[in-house]
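To start, the structure under review is shown below, and the notes come after it.
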Amino acid sequence: MGNMRNMERTLKALANNRRLSILRHLAKVGSATVGELAGLNRIAMGSTSRHLSILKGVELIDQEQKSVKMYYHLTANGRRLLNKLLTIF
3 MGNMRNMERT
13 LKALANNRRL
23 SILRHLAKVG
33 SATVGELAGL
43 NRIAMGSTSR
53 HLSILKGVEL
63 IDQEQKSVKM
73 YYHLTANGRR
83 LLNKLLTIF
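Numbering (this note's numbering), first residue to last: 3 to 91.
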């Protein structure tokens, strides 16, 4: 039953244009800050942080502290899943 719950959470995380945009951008550039991703989607940093939290919660992205900034990047699972989705759609 746990796998079904994980699949449901992941699909819900992917069912949002802004989160998909974040994933595609991270696939293209490698890593980005909250501010960079907020600018990409033209939304507030707080909203962007919430989207990042959802993606991190389903292990599609991870974060890394560099100096005073936090950078987000795709996990191996995130990259694999995004690549599969892009071949389908």
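Glycine included, each C-beta is placed from N, C-alpha and C at the ideal position.
Distance between residue j and residue i (C-alpha atoms, nearest Å)
i            : j          : result
methionine 9 : leucine 16 : 11 Å
lysine 30    : glycine 4  : 32 Å
leucine 22   : leucine 83 : 11 Å
Same chain, Cβ closer than 7 Å to residue i, neighbours up to 5 away in sequence not counted
i             : result
isoleucine 63 : Leu28, Leu54, Leu57, Tyr74, His75, Leu76, Thr77 and Gly80
Local Cβ density within 10 Å of residue i, reported as buried at 16 or more and exposed below that
i             : result
leucine 39    : buried
alanine 46    : exposed
arginine 44   : exposed
isoleucine 90 : exposed
Beta bridge counterpart(s) of residue i as assigned by DSSP
i            : result
histidine 75 : Ser33 and Asp64
Chain-order list of residues whose beta-carbon lies under 6 Å from that of residue i (same chain, five-residue window excluded)
i         : result
serine 51 : Val36
Three-state class that DSSP yields for residue i in the structure shown
i             : result
arginine 11   : helix
isoleucine 45 : coil
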